[in-house]
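Residue numbers (the numbering used here), protein chains in the order written: chain A, 34 to 371; chain B, 61 to 310. Even glycine gets a Cβ: it sits at the ideal position worked out from N, Cα and C.
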């Protein structure tokens, strides 16, 4: 089972690496670069929501801070080096996450959701209403950062491959992290924090570390976004994006890293599909509606998200043969909750 | 001969507004001694465990663990210092394997949260402690099973195993026999007997036959107050206890 998951993820990454040479075209390169960047955002949120059980509704703030830092820290005369600019952006987002986490993690449940949203909105209004953030119009990046001749991110294919490398790096990092003692402690906190405390885990530092790492990774996504578009605006920090990131990981399947990956692709490809006038004509203007209906249907019919679909189908097929027997196997873990 | 005192709760009190849930209760847990706390529902037995383990703060009194005053310590700190507790309701991690339930508990004494690149299941300290705890709780054959899928009695055993995995000196057991069949009860009582020599055990239990069989000392609580405390014979013959709790017919 574990092997098939690794094969799936490996195949996705290989396919992505080959994509530019498979007649992708500039539109395709641009779209998939964008999707990979959002996938990094989704992965960062998965660490909180799916792996630790902390529903953060302000992930866009960290993404936006990474993006704004990329633009604000870049010089106006010369291209900055990726070597220091990228870590600086990650650090800026992580520091903000550390501060937000330190306060918001004192709350629980729906209050936590609201407090993270409030902090994100604060960040949004700072860039929206001050000279620092350039207001509604945002700011342009004068020079894309790079690394001399080695890394020229003005070239879309290089930008694509660089984003892919970051995505693979983030995925691998989280995969290793989650199977470490730290990751197992987060998993325990997600299932039963009270028990974890009773066993001897001081859970607050674990949650704060997860929150900070998550913020830093989202900042990496923001950095890439700013470099790719050469432009930032306050919408990068809006709650719409925080919400979209949540929808991505739910659509893909919570509790699985590949769920964030699949979810980001599904969400953005669906969005692109419903926006296509060639298919939907005038209705393409109302793409939110189409996308919304699909998401509602997905949540209703795919309780474990897209990554749970193969198992769901397998059970359905087995259920046809086994008849009544399927009933007793339903929700085998339900008993433990009661 | 007096035994080593592992845990001492002195005048433990907890008020919820005007209600006094636990009123000036003093308990001592010694090595080689099972101290049972009995009482009707709502007598404050579980609250007492919550207070001793640090899950809720005291309104008054003090807790001493292995000779140290731990009254101001948080629950995780008390747990790491050797205070293990089990819960009345199963609090296992149902989606993990039986082994991983024990291993994660054992990890508490060897957390190393910063070594993010090392696999948790290759941590020699916690894997060995987990195997040992599972063995003592009689779960050797179930290590790879999903914890949510094992029987109720086995889940109760797993609760204890998770408790043991941290290597505690003191065990606060909240109704470990609840919902168990006769055979499972026997197994659990045998396990308590085995644990007795090295641990100070507080046993909250409703099964009176079991309590009078294993307990060395019994404390009876009514409405948050201790009405009697002594060895089983003393409690059995105490007229106050008969009146307040056991009922005349007992």
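Opposing strand residues paired with residue i [DSSP bridges]
i                      : result
residue 157 of chain A : Partner(s): none; residue 157 of chain A has no beta bridge.
residue 69 of chain B  : B/87 and B/123
residue 232 of chain B : B/145 and B/262
residue 185 of chain A : A/179
residue 96 of chain B  : B/263 and B/278
residue 172 of chain A : A/265
residue 157 of chain B : B/206
residue 290 of chain B : B/278
residue 213 of chain A : B/179
residue 79 of chain B  : B/76
residue 128 of chain B : B/125
residue 247 of chain A : DSSP, once it has assigned bridges, lists no residue as partnering residue 247 of chain A.
residue 285 of chain B : B/282
residue 114 of chain A : A/179
Listed by chain order, chain A residues near residue i by CB distance under 8 Å
i                      : result
residue 113 of chain B : 231
Test: residue i CB closer than 8 Å to a CB of chain A
i                      : result
residue 184 of chain B : no
residue 73 of chain B  : no
residue 134 of chain B : yes
residue 63 of chain B  : no
residue 140 of chain B : yes
residue 105 of chain B : no
residue 222 of chain B : yes
residue 89 of chain B  : no
residue 168 of chain B : yes
residue 226 of chain B : yes
residue 309 of chain B : Only weak support is given to the placement of residue 309 of chain B: the predicted model assigns it a pLDDT of 47, under 50, and the value that follows is read from those uncertain coordinates. No, residue 309 of chain B lies away from the interface with chain A (no Cβ there is under 8 Å from its Cβ).
Amino acids of chain B, ordered along the chain, whose beta-carbon sits closer than 7 Å to that of residue i
i                      : result
residue 225 of chain A : 151 and 153
residue 221 of chain A : 153 and 164
CB contact check: residue i to chain B, cutoff 8 Å
i                      : result
residue 130 of chain A : no
residue 365 of chain A : Note on residue 365 of chain A: pLDDT 40, under 50, position unreliable in the model; no value is reported.
Under 8 Å by beta carbon: chain D residues contacting residue i
i                      : result
residue 100 of chain B : No chain D is present in this structure, whose protein chains are A and B.
Supposed close pair residue i, residue j - CB separation, criterion 8 Å
i                      : j                      : result
residue 272 of chain A : residue 93 of chain A  : 7 Å
residue 267 of chain B : residue 237 of chain B : 5 Å
residue 168 of chain B : residue 193 of chain B : About 12 Å; that fails the 8 Å criterion.
residue 95 of chain B  : residue 224 of chain B : Between residue 224 of chain B and residue 95 of chain B the Cβ distance is about 18 Å, and since that is not below 8 Å, they are no contact.
residue 254 of chain A : residue 74 of chain A  : 4 Å
residue 166 of chain B : residue 186 of chain B : 4 Å
residue 112 of chain A : residue 179 of chain A : 5 Å
residue 265 of chain A : residue 171 of chain A : 5 Å
residue 161 of chain B : residue 218 of chain B : 6 Å
residue 214 of chain A : residue 93 of chain B  : Not quite, the Cβ-Cβ distance comes to about 35 Å (not below 8 Å), so this is no contact.
residue 116 of chain B : residue 74 of chain B  : 7 Å
Residues that residue i contacts on chain B, provided the C-beta gap is smaller than 8 Å
i                      : result
residue 216 of chain A : 176 and 180
residue 239 of chain A : 173
Contacts of residue i in chain B (Cβ-Cβ under 9 Å)
i                      : result
residue 228 of chain A : 147, 151, 152, 153, 165 and 222
What are the residues of the stretch 59-83 of chain A that lie near chain B, defined by any Cβ-Cβ distance shorter than 8 Å?
For the stretch 59-83 of chain A, which is checked against every Cβ of chain B, not one residue is closer than 8 Å.
At a Cβ cut of 7 Å, what residues of the stretch 203-214 of chain A count as close to chain B, listed as they run along the chain?
Hits within the stretch, in order: 209, 210, 212, 213 and 214.
Which residues, taken in chain order from the stretch 233-262 of chain A, show a beta carbon closer than 8 Å to some beta carbon of chain B?
Cβ contacts with chain B: 233, 234, 235, 236, 238, 239 and 242.
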